[in-house]
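Presented below is the structure to which this report refers.
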Amino acid sequence: MNDFSPYRDNYDTPDFVFDYTSAFDYSSIHHMTALKKPEKYKTIFNYNKRQVVVDLSDCEPEPWQSTIIRTIVTFFCYLFLVFTFPVTCWVCIKRVPSLERIAVFRLGKLQPVQGPGLVLVFPVIDSYMKVDLKPKVFEVPAREVLTGDGAIIEVGAELHWQVVHSVRYVTRVKEVDATVGALCQQCLASLLGCSDQDDLDRRREAIEATLLTKLNETILPWGLEVIKVTLKVARVVKTAEPSNPLTPVMSAIKSALGFPSEHAKTQASMPPRPGGLHAVPACPSEPQFEQLVQVLHQLALFAAQQDEFQGVCATYALQILAGTKDGITVHVCFDQGSVELVRGSDLGNRRKADVTLRLSADDLTLILCGKESPMQVYMGGRIQVQGDWSCLRRFMGVIDKCTTG
Numbered sequence: 001m002n003d004f005s006p007y008r009d010n011y012d013t014p015d016f017v018f019d020y021t022s023a024f025d026y027s028s029i030h031h032m033t034a035l036k037k038p039e040k041y042k043t044i045f046n047y048n049k050r051q052v053v054v055d056l057s058d059c060e061p062e063p064w065q066s067t068i069i070r071t072i073v074t075f076f077c078y079l080f081l082v083f084t085f086p087v088t089c090w091v092c093i094k095r096v097p098s099l100e101r102i103a104v105f106r107l108g109k110l111q112p113v114q115g116p117g118l119v120l121v122f123p124v125i126d127s128y129m130k131v132d133l134k135p136k137v138f139e140v141p142a143r144e145v146l147t148g149d150g151a152i153i154e155v156g157a158e159l160h161w162q163v164v165h166s167v168r169y170v171t172r173v174k175e176v177d178a179t180v181g182a183l184c185q186q187c188l189a190s191l192l193g194c195s196d197q198d199d200l201d202r203r204r205e206a207i208e209a210t211l212l213t214k215l216n217e218t219i220l221p222w223g224l225e226v227i228k229v230t231l232k233v234a235r236v237v238k239t240a241e242p243s244n245p246l247t248p249v250m251s252a253i254k255s256a257l258g259f260p261s262e263h264a265k266t267q268a269s270m271p272p273r274p275g276g277l278h279a280v281p282a283c284p285s286e287p288q289f290e291q292l293v294q295v296l297h298q299l300a301l302f303a304a305q306q307d308e309f310q311g312v313c314a315t316y317a318l319q320i321l322a323g324t325k326d327g328i329t330v331h332v333c334f335d336q337g338s339v340e341l342v343r344g345s346d347l348g349n350r351r352k353a354d355v356t357l358r359l360s361a362d363d364l365t366l367i368l369c370g371k372e373s374p375m376q377v378y379m380g381g382r383i384q385v386q387g388d389w390s391c392l393r394r395f396m397g398v399i400d401k402c403t404t405g
């Protein structure tokens, strides 16, 4: 800039350093209003994950004015009862049978729970509620639930419950049947969502015990306790999808190599932001090679059980490449229904390979995960084949059946 300019700056000089300190003072509001003693504030709330249940003993004590008025009114009621005893005894005295209790609210204040026996209740200033302590049976309506293996089952439950704390039951819960029924349906849907359809037959007692524990964790503070749970399967709306024996291993390798899981496919995909960084799978490392070998072993066990390999003797050599790194060679040997996987280029005294496949680790991963078929990879020139084509078609047919079934 010109030396004669009134707006001369020295930003381009090497000695200039920016000052990044803020011009604002983020202090107490009292300091901003020119008070001499700024104060710091602290929240009165306690944020934790513990379930908060209001206890009547923790509430504020009754004001002395209310206590005096309630005492005076109660005294006159007793006095009226004495003067009119032959008549009012039929109205004010209640009989409470065994296994029942009665909770009396006198002018809105809860009195000690009474019973069994005779209990005095004033018809004007008292309101009461009887509590039945006998076990009860409640039918939870059946609803459709999705299991972990994709089956849709219409299942209900039968609950046996009882009151274990009369005061909590009276003061903390309302419409018990609807509340407990909705809670049971929610817990049942969450529990069966992590189970398979066969678990309802093989592990029904364990599921019922887990459901019983989850229900009691919630309703015990309400003064209730579930003593027995019985599941009732109304009908099977949709049977479970046939399980693929390679699904667990393929899910592991998809996660290791950066492929999205089946659950992630169902979620709405967000478009990448401009200029954002995206993760790209690198060349397979040694642990990822081990996972590929495990998948091939599971695939070989699956293929040995198929009709195509019954009574067949064949050896397949797979040369797996990894970019600039040295790859590995895996031999899959089928012999009259048995299978053996040999890692390395030397088979020893075994027969030579009938088919040799040469492909990259990324292409093999795409084939095993069902992203591309072996024919698509071959037509793209990314796989080299030598040997018997009939043996190759037999093995590739099993791969297609496994990855698409």
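So for the sequence shown, full-length UniProt numbering puts the first residue at 1; every next one is plus one. Ideal placement from N, C-alpha and C gives every residue a C-beta, glycine not left out. Being a predicted model, the structure only gives us computed values, none of them experimental.
#1: Give every residue of the same chain whose Cβ lies closer than 8 Å to the Cβ of Q310, excluding the five residues on either side of it in the sequence, and list them in chain order.
#2: Compare the C-alpha of L215 against each of V226, A206, W222 and name the closest.
#3: Using 10 angstroms around the beta-carbon of S345, count the other beta-carbons present and answer buried if the total reaches 16, otherwise exposed.
#4: Are the CB atoms of V91 and I153 within a distance shorter than 8 Å?
#5: Report all residues from its chain with a CB closer than 8 Å to the CB of L162; omit the five preceding and five following residues, and keep chain order.
#6: Can you tell me whether DSSP reads T230 as helix, strand or coil?
#7: Pick out whichever of V145, L200, F138, R204 has its Cα sitting closest to the Cα of T179.
#8: In whole angstroms, what is the alpha-carbon distance linking P272 and L296?
#9: First and last residue of the alpha helix (DSSP H) that includes I72?
#10: Exposed or buried, what is A279 when buried is set at 16 or more other beta-carbons lying within 10 Å of its beta-carbon?
#11: Rounded to whole angstroms, what's the CA-CA distance from Y378 to V229? Just pull it up for me.
#12: Going by alpha carbons, who is nearest to V339 out of C313, S360, I68, V233?
#13: Between the Cα of S98 and the Cα atoms of F83, G115, C89, which residue gives the shortest distance?
#14: Would you call the stretch 351 to 366 in contact with the stretch 379 to 396, where contact means no fewer than 3 C-beta pairs closer than 8 Å?
#15: Is G108 near G148, with beta carbons less than 8 Å apart?
#16: Per DSSP, what kind of secondary structure is D388 in: helix, strand or coil?
#17: Ends of the alpha helix (DSSP H) at G181?
#18: I need the straight-line Cα distance from A322 to V332, nearest angstrom please.
#19: Using the three-state DSSP reduction, which class does S360 fall into: helix, strand or coil?
#20: Using the three-state DSSP reduction, which class does T213 fall into: helix, strand or coil?
#21: Rounded to whole angstroms, what's the CA-CA distance from T329 to G380? Just pull it up for me.
#22: Could you say which of L146, A353, S166 lies nearest to Q186 if we only look at CA atoms?
#23: Look at the alpha carbon of V233 and the alpha carbon of L191, and state the distance between them as a whole number of angstroms.
#24: Which whole-angstrom value is the C-beta distance of L366 and I320, which I expect to be below 8 Å?
#25: Looking at the structure shown, is L321 part of a helix, part of a strand, or coil, going by DSSP?
#26: Use the C-beta contact count for L318: other C-beta atoms within 10 angstroms, 16 or more gives buried, fewer gives exposed.
#27: Determine the burial state of C89: buried for a count of at least 16 other Cβ atoms within 10 Å of its Cβ, exposed for fewer.
#28: Classify H165 as helix, strand or coil using the three-state DSSP reduction.
#29: Suppose the cutoff is 6 Å on Cβ atoms and the five residues either side in sequence are ignored; what does the same chain contact list for D126 look like?
#30: With R343 and T315 assumed to form a contact (beta carbons below 8 Å), what rounded beta-carbon distance in angstroms separates them?
#31: Would you kindly check if the distance between the Cβ of V167 and the Cβ of V113 is under 8 Å?
#32: According to DSSP, is F138 helix, strand or coil?
#33: Between the alpha carbons of Q386 and D400, how many angstroms are there, rounded?
#34: How about V119 and C184: are their beta carbons less than 8 Å apart?
So, to answer that:
#1: G337
#2: V226
#3: Burial state of S345 is exposed, judged by a 10 Å Cβ sphere holding fewer than 16 other Cβ atoms.
#4: With a cutoff of 8 Å on beta-carbon distance, I153 and V91 are scored as not near each other.
#5: A small correction: the amino acid at residue 162 is Gln; Leu does not occupy that position in the sequence shown. Once the five neighbours on either side are set aside, the close Cβ partners of Q162 are L133, K134, P135, K136, L224, E225, I227.
#6: strand
#7: F138
#8: Low local confidence applies: a pLDDT of 46 at P272 is under 50, so the model's placement there is unreliable, with the coordinate-based value given in what follows. Rounded to the nearest angstrom, the two C-alpha atoms are 34 Å apart.
#9: From DSSP, the alpha helix (DSSP H) with I72 extends over 64 to 83.
#10: Its pLDDT being 40, under 50, A279 is placed unreliably in this model, and the coordinates cannot settle the point.
#11: Those two C-alpha atoms are separated by around 57 Å.
#12: C313
#13: G115
#14: Taking 8 Å as the limit for Cβ pairs, the verdict is that the stretch 379 to 396 does touch the stretch 351 to 366.
#15: no
#16: coil
#17: 176 to 192
#18: Each residue's Cα considered, the two are about 20 Å apart.
#19: DSSP places S360 within a strand segment (E or B) once states are collapsed to three.
#20: helix
#21: Rounded to the nearest whole angstrom, the C-alpha separation of T329 and G380 is 22 Å.
#22: L146
#23: 15 Å
#24: About 13 Å separates the two Cβ atoms, so there is no contact after all.
#25: strand
#26: Counting Cβ neighbours within 10 Å, L318 comes out buried, since at least 16 surround it.
#27: exposed
#28: In the three-state reduction of the DSSP assignment, H165 falls in the coil class, being assigned neither a helical nor a strand state.
#29: Cβ within range, chain order: V104, R106.
#30: With 8 Å as the limit, R343 and T315 do not qualify as a contact, their Cβ atoms being about 14 Å apart.
#31: yes
#32: strand
#33: 20 Å
#34: No; because the gap between Cβ atoms is not below 8 Å, this pair is not in contact.
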